[in-house]
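Per the UniProt record's numbering, the very first residue in the sequence shown carries number 1; after that it's consecutive. For each residue, glycine too, the CB sits at the ideal point set by N, CA and C.
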Amino acid sequence: MSDKRIILFTFLFLLILPSFAQDAKEDISDLELKRKQAEILLNSSKKKENEIMSRLNKIKDEEKEIKVEIEFVNKRKKEISDKLAAKTAEKNLLEDKIQKRRPVVEKYLVYIYKRKNWDYSRIFFDSLTFNQFLKKYKVMKRIIKEELVFLDSVKTDLIELRKLVAEIDSQEKELKDYSKELLSQQTKLKDLKDEKTKLLARVRSEKERLEKRYNKIEEDYKDLLSIIKKDDKKEKAVVLFDDSAKFTQKENKPEAEKENEPAPKFIWPLGRKSTIILPYGQQYNEFNTLFNNQGIDISIQPQDWVLASAPGKVAYKGEMSGLGKLIIIRHSAGYTTVYTYLEDIFVRIGQSVKAGEKLATCLIHADNPEKSVLHFEIRKNGETLNPENIITVEE
């Protein structure tokens, strides 16, 4: 009875263990995709944080420059204001001087022309000799000339001062207008700095969330990897997207035999030849952030079918945020193909497919159909390859 229990337990263990190991390996493929996606999002978030920090530093530098300019303008305004006040006082003094000098001149004239109750003719009759008359006449003429020269000089100075006052007043007005413009720029920069600071806080919060998500996925990934290593010692763990190449594609065949397998022939993954929107390798996205495209993005149309690029077995189908619905197919010689951004999937996990067999329909974005794409990858032992160098295009 005891032997029968041992045999039954051993049978159930051998029956359940492969299924558990297979599920764990499919889970690790799922986690590996999520890990890559989280890593891309995290790097993009860090890039955005650096860009915002750079912009904030520029805004602070601009604020400093405007502050220095405002200080200079205020200093210049004070100088011009003081100069305007001094020249205005000087102008008022000259005007006052003219006003005070006018009665003096009038008195001179009255004294000369009338000399008490005398009129101008008395200068002639009061003179005993002609020479005396000439002397009196010359004195009168000199006094009048001196007063006229003085009045003309003061008048000229007054005109120049009025021009200078007007010019200074104009400069003061221009400086006030420029000062208002600088203050307006300072306000705008402050608002922009506040906006960028809030944006930076949001980006940092998002980065922190992505870091936590990435760390959680990394922990799950390591845990599953540990389970596979523990429960499947006879073969290496399946890691479809491990760029470190520490693990190889799962196959039930010996490693040496797998290496000698011929590479499959890959065909175009759509029913028609279409344009490659984003090629393989390092590219810039719409946010001008550099990233590594691990496959190619192909333009699609609503009627397009996604086809198996080579014969193989469906290793995974599912849906992930950022990638949408996707399919992973394992091929011979350690090759794997990935198809993402799908709509309806018509194959199941474990199903064998032929090259050119219909796998799914393409996802068309209703709001932006021209940006709809099929993302396609080819990997060998987990390492990405450029599909354009491998796909055989039939004429």
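Which residue's Cα is closest to the Cα of Gln282: Asn386, Lys138 and Ser153?
As a first step, residue 282 is located in the sequence shown; it is residue number 282 there, counting from the start. When only C-alpha atoms are compared, the closest one is Asn386.
Okay, do the region 297 to 308 and the region 57 to 65 touch, 3+ Cβ pairs below 8 angstroms being the bar?
Too few Cβ pairs lie closer than 8 angstroms, so no.
Could you tell me the alpha carbon to alpha carbon distance between Ile267 and Glu319, rounded to whole angstroms?
Reading the sequence shown from its first residue, position 267 is the one you call residue 267. Reading the sequence shown from its first residue, position 319 is the one you call residue 319. Going from the Cα of Ile267 to the Cα of Glu319 covers about 24 angstroms.
To the nearest angstrom, how far is the alpha carbon of Arg142 from that of Lys173?
Position 142 of the sequence shown, counted from the first residue, corresponds to residue 142. Position 173 of the sequence shown, counted from the first residue, corresponds to residue 173. Between Arg142 and Lys173, the C-alpha separation is close to 46 angstroms.
When DSSP labels each residue in this structure, what does Asp243 get in the three-state scheme?
Along the sequence shown, one-based indexing puts residue 243 at 243. Only weak support exists for where Asp243 lies, its pLDDT of 42 falling under 50; the value from the coordinates is given anyway. Residue state, collapsed to three classes: coil.
Does DSSP classify Asn252 as helix, strand or coil?
Sequence index remark: in the sequence shown, residue 252 carries index 252 (1-based). Reliability of the predicted coordinates at Asn252 is poor, the pLDDT of 49 falling under 50, and the value obtained from them is presented with this limitation in mind. Coil.
Would DSSP call Ile349 helix, strand or coil?
Numbered from its first residue, the sequence shown carries residue 349 at position 349. If DSSP states are grouped into helix, strand and coil, Ile349 belongs with coil.
Mapping DSSP to helix, strand and coil, what is Ala310?
Start at 1 with the first residue of the sequence shown, and residue 310 comes out as number 310. Three-state DSSP puts Ala310 in coil, outside helix and strand.
Indicate whether Ser332 and Glu388 have their beta-carbon atoms separated by less than 8 angstroms.
The count along the sequence shown starts at 1 and reaches residue 332 at position 332. The count along the sequence shown starts at 1 and reaches residue 388 at position 388. Not closer than 8 angstroms, so no.
Asn292 by DSSP, collapsed to three states: which one?
Working through the sequence shown from its first residue, we reach residue 292 at position 292. In this structure, Asn292 counts as strand in the three-state DSSP scheme.
When we look at the beta-carbon of Asp297 and count the other beta-carbons within 10 Å, is it buried (16 or more) or exposed?
Within the sequence shown, numbered from 1, the residue matching residue 297 stands at position 297. Burial call: buried.
For Leu359, which residues from the same chain have a beta carbon less than 6 angstroms from its beta carbon, with the 5 sequence-adjacent residues on both sides left out?
Translated into positions along the sequence shown, residue 359 becomes position 359. Here the set comprises Val306, Ala308, Ile327 and Val347.
Work out the CA separation of Glu65 and Asn215 for me, nearest whole Å.
Counted from its first residue, the sequence shown places residue 215 at position 215. Counted from its first residue, the sequence shown places residue 65 at position 65. So the alpha carbons of these two residues sit roughly 43 angstroms apart.
Note the first and the last residue of the continuous beta strand (DSSP E) segment covering Ile391.
Taking the sequence shown and counting its residues from 1, the one referred to as residue 391 is at position 391. Looking at the DSSP string, Ile391 is not in any beta strand (DSSP E), and its letter there is neither H nor E.
Between Ile390, Glu39, Ile391 and Glu383, which lies nearest to Leu210 when the distance is taken from Cα to Cα?
Here residue 210 refers to the residue found at position 210 when the sequence shown is read from its first residue. Comparing Cα positions, the closest option is Glu39.
Using only CA atoms, which one of Thr187, Leu158, Lys198 and Lys77 lies nearest to Leu175?
Counting from one through the sequence shown, the residue named residue 175 turns up at place 175. Checked all of Thr187, Leu158, Lys198 and Lys77; the closest Cα to Leu175 is Lys77.
Reducing DSSP to helix, strand and coil, say where Glu377 ends up.
Along the sequence shown, one-based indexing puts residue 377 at 377. Glu377: strand per DSSP, three-state reduction.
Mind reading off the beta-carbon distance from Leu161 to Lys87? Whole number of angstroms is fine, and I expect it under 8 angstroms.
Walking along the sequence shown from the start, residue 161 turns up at place 161. Walking along the sequence shown from the start, residue 87 turns up at place 87. That pair is a contact at about 6 angstroms.
What does the Cβ neighbour count give for Ser45, buried or exposed, with the cut at 16 atoms within 10 Å?
Along the sequence shown, read from residue 1 onward, the residue named residue 45 stands at position 45. That one is buried.
Using CA atoms only, rank isn't needed, just tell me which of Asn292, Leu342 and Glu71 is closest to Leu270.
Stepping through the sequence shown from its first residue, residue 270 is reached at position 270. Nearest of Asn292, Leu342 and Glu71 to Leu270, Cα basis: Leu342.
Does the beta-carbon distance from Gly350 to Val373 come in below 8 angstroms?
Here residue 350 refers to the residue found at position 350 when the sequence shown is read from its first residue. Here residue 373 refers to the residue found at position 373 when the sequence shown is read from its first residue. No.
According to DSSP, is Tyr316 part of a helix, a strand, or is it coil?
Numbered from its first residue, the sequence shown carries residue 316 at position 316. The answer is strand: DSSP assigns Tyr316 an E or B state.
What do you get for Ile159, buried or exposed, if any count of 16 or more other CB atoms within 10 angstroms of its CB means buried?
In the sequence shown, the residue the question calls residue 159 occupies position 159. By the neighbour-count rule (16 or more Cβ atoms within 10 Å), Ile159 is not buried but exposed.
Check each candidate in Ile378, Asp367 and Lys325 and name the one with the smallest Cα separation from Thr361.
Your numbering for residue 361 matches position 361 in the sequence shown. Thr361 has its Cα closest to that of Lys325, out of Ile378, Asp367 and Lys325.
Contact defined as beta carbons within less than 8 angstroms: I believe Asn293 pairs with Tyr280. What is the distance between those atoms, to the nearest angstrom?
Looking up residue 293 in the sequence shown gives position 293. Looking up residue 280 in the sequence shown gives position 280. Confirmed, Cβ separation roughly 6 angstroms.
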